[in-house]
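Protein chains in written order, with the numbering used here: chain A, 460 to 820; chain B, 2 to 340.
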């Protein structure tokens, strides 16, 4: 244990002295949140799944769903009438859902105003445009029904915490991104440097075992990334007026993410020979993951085949898990994501331990 | 001081006994390293080490001398447990080094070729870190003492990346000695250093020997071998050509003593030839070899009497450089053969 701690401390000392490392861990996520929060506050485009709970048996609710479906923007999924829609939204971590009341058709028939409730997560980049499309469909239906009079209205409600903002959406995504960059990129490039400068061979002449070294890097990255999460969250709270919640599970997810990406970085490090190839292979794996794992935008707004690809990206599960617990309060789903993260991490750890060699053949 | 039981010692001695019962010769008392039929081949058909055998006695500096690519580093890395041989038997400190290196690791110190310290650690931090990795607790005083011994006490708080080449190697030696090793491998420790830094390191190596360590030193510097080595093996193309003490090698493979006639040129050489004296000429200097020391005085007198213009006449003994030239057929400069 002394060897592991000493290795972690020594590594930490060197890490802190590389100012670039500290920048990527502590400053980079805040810059990203600021930048993307500002850019996407106005919304974006793309088709998304719309879950609808239709309590009405009349033809007008069916007509409304047909109209929404015909926009090509929404993909309609029905929510069972017996479900509590708030719980359903939370359990499924939905960013948008609609509720059609039981007296919808009856109200229209007697020309009485009736509201459809649109549960909308304002923190999502896709939510503004979704609300706009929904509003356009309602306006068209009103026009068809009565010319100019507004019979059907819609009220929006937030499905999770109150008054979520785009900054709330980006915070978990960029925390996840920071975990990946800090742990995976740094480990891969460090393995390359250790190999090219002969440090692995040097370490092999001491009592340090490969597994000790791997564990020390995981410990160090866990402490560093927890510190990064706390700093990022604290600054974001002060500057961006966040509503996302820092939960115990979010801290555990960051530790799980540190384990996963430290192991993946080491696994990639087993095949790199020099810093140049280390950088190339990190980018080849890291860049697609950055864009296809929901750090920058809502996965629902991507084409279906891209969403399938995102399922193979380890970062997707960290981002989803962090959003589940920090935004939606959906601890069950967050735990499922944590289990997937730990499982993937164990596979990568075992492979890295077996494939990494400090000796020459 | 009571006997301190260590499980690793028990394993080491059992391993040695087992080796003996299997017919392998292990010299527990005086042989620190015993190598038999060591080969290292790489596909498709590169032979880095070609069936070499040697023993290294306790407390001596054993130098492996050879040009770049001779197989020196491959050999010591096998002895350090860092490389797996194709075939052969290697016993280090009484243990089978190919199977049981783990429990002798603490008794071995290594300074690898082209050693680079961790740039962002100071020498003090690096020594502390290294001693922790060996599970050898060191106090601040212990670390200061070690750094003082290698001449780095004034630079102990400087980031390693700011150290000079010689200081980095000194730090490497300090790290290789944190465990007070019985056996120390120094792989080309002075390559690329200036003369002063090389002399400083030579002093450190001699100090390590005085502390009782057996030292395996690979080098391509002949003067380094003559200065430090008790025994030397000349390695070329993966084979050990000869081995023994530097003096023995000079006696056996050198051309004894020579008389040099400075500035007589090819005309002088012809004069000698007319009198039946064989000689060689280089840069205007003519050298006459005398194989039997008892003939030296007579030959000196004979040469002095020949009526040729001589700038200077002197005798010189062969050195290891001549031995190397005789055996390999080329001189060596910074590890590169000069054909």
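Yeah, the Cβ is synthetic: ideal placement off N, Cα and C, and Gly gets one too. The structure presented is a predicted model; accordingly, all values stated were derived computationally and were not measured.
Query                                                                                                                                                                                          : Result
Along chain D, which residues have their Cβ under 7 Å away from the Cβ of residue 465 of chain A?                                                                                              : Within the model displayed, chain D is absent; protein chains A and B are what it includes.
When Cβ atoms are compared, which residues of the region 209 to 223 of chain B fall closer than 8 Å to chain A?                                                                                : none
How many whole angstroms separate the CB atoms of residue 38 of chain B and residue 96 of chain B, which I take to be in contact at a CB cut-off of 8 Å?                                       : With 8 Å as the limit, residue 38 of chain B and residue 96 of chain B do not qualify as a contact, their Cβ atoms being about 18 Å apart.
Can you give the Cα-Cα distance for residue 654 of chain A and residue 661 of chain A, rounded to whole angstroms?                                                                             : 10 Å
Please report how far the alpha carbon of residue 705 of chain A lies from the alpha carbon of residue 520 of chain A, in whole angstroms.                                                     : 40 Å
Are the region 167 to 184 of chain B and the region 219 to 226 of chain B in contact at 8 Å, needing three or more beta carbon pairs?                                                          : no
In chain A, which residues lie less than 8 Å from residue 115 of chain B when you measure between Cβ atoms?                                                                                    : 657
I want to see whether chain B comes within less than 9 Å of residue 461 of chain A, judged by CB atoms only; does it?                                                                          : yes
Just to confirm before moving on: does the CB-CB distance between residue 216 of chain B and residue 186 of chain B stay below 9 Å?                                                            : yes
What in chain A is Cβ-close to residue 121 of chain B, meaning under 8 Å?                                                                                                                      : 472, 473, 476, 477
Given 8 Å as the limit, is there contact between the region 729 to 742 of chain A and the region 522 to 538 of chain A, that is, 3 or more CB pairs closer than that?                          : no
For residue 266 of chain B, report the span of its alpha helix (DSSP H) as first-last.                                                                                                         : 266 to 275
Put residue 720 of chain A into one of helix, strand or coil per three-state DSSP.                                                                                                             : helix
Buried or exposed, going by whether 16 or more other CB atoms sit within 10 Å of the CB of residue 763 of chain A?                                                                             : exposed
Which residues in chain A have a C-beta closer than 7 Å to the C-beta of residue 111 of chain B? List them in chain order.                                                                     : 664
State the Cα-Cα distance for the pair residue 109 of chain B and residue 723 of chain A, rounded to the nearest angstrom.                                                                      : 33 Å
Where residue 133 of chain B and residue 139 of chain B are concerned, what is the direct C-alpha to C-alpha distance, given to the nearest angstrom?                                          : 8 Å
Should residue 160 of chain B be flagged as near chain A, meaning a C-beta pair shorter than 9 Å?                                                                                              : yes
Per DSSP, residue 112 of chain B is paired with what?                                                                                                                                          : B:187
Can you find a C-beta in chain B that's less than 9 Å from the C-beta of residue 812 of chain A?                                                                                               : no
Which residues in chain B sit within 8 Å of residue 670 of chain A, going by Cβ to Cβ distance?                                                                                                : Result: empty, since nearest Cβ-Cβ is about 14 Å, beyond 8 Å.
Which complete alpha helix (DSSP H) runs does the region 754 to 786 of chain A hold, if anything under 4 residues is left out?                                                                 : 763 to 770, 773 to 782
Measure the Cβ-Cβ separation of residue 537 of chain A and residue 558 of chain A and say whether it is below 9 Å.                                                                             : no
Mind checking whether residue 684 of chain A and residue 484 of chain A have CB atoms under 9 Å apart?                                                                                         : yes
Taking the beta strand (DSSP E) that residue 313 of chain B falls in, what are its first and last residues?                                                                                    : 313 to 318
Find the residues of chain B that neighbour residue 676 of chain A, judging by a C-beta separation of less than 9 Å, and give them in chain order.                                             : Those within 9 Å of residue 676 of chain A in chain B number zero; the least Cβ separation is about 15 Å.
Within 9 Å (strictly less), CB to CB, does residue 712 of chain A reach chain B?                                                                                                               : no
Quick check: is the beta carbon of residue 683 of chain A nearer than 9 Å to any beta carbon in chain B?                                                                                       : no
Taking all protein chains shown into account, do 16 or more other C-beta atoms lie within 10 angstroms of the C-beta of residue 785 of chain A, making it buried, or fewer, making it exposed? : buried
Can you find a C-beta in chain A that's less than 9 Å from the C-beta of residue 7 of chain B?                                                                                                 : Unreliable placement is indicated for residue 7 of chain B, whose pLDDT of 44 sits below 50; no coordinate value is reported for it.
Do residue 492 of chain A and residue 699 of chain A have their C-beta atoms within less than 9 Å of each other?                                                                               : yes
Find out if the Cβ-Cβ distance for the pair residue 635 of chain A, residue 573 of chain A is shorter than 9 Å.                                                                                : no
Using C-beta distances below 8 Å, list every residue in its chain close to residue 191 of chain B, excluding the 5 sequence neighbours before and after it, in chain order.                    : 170, 198, 199, 202, 203, 220, 222, 225
Could you check the C-alpha separation between residue 810 of chain A and residue 707 of chain A for me, to the nearest Å?                                                                     : 29 Å
Is it buried or exposed for residue 543 of chain A, if we count other Cβ within 10 angstroms and need 16 for buried?                                                                           : exposed
In terms of residue numbering, what span does the alpha helix (DSSP H) encompassing residue 792 of chain A cover?                                                                              : 790 to 814
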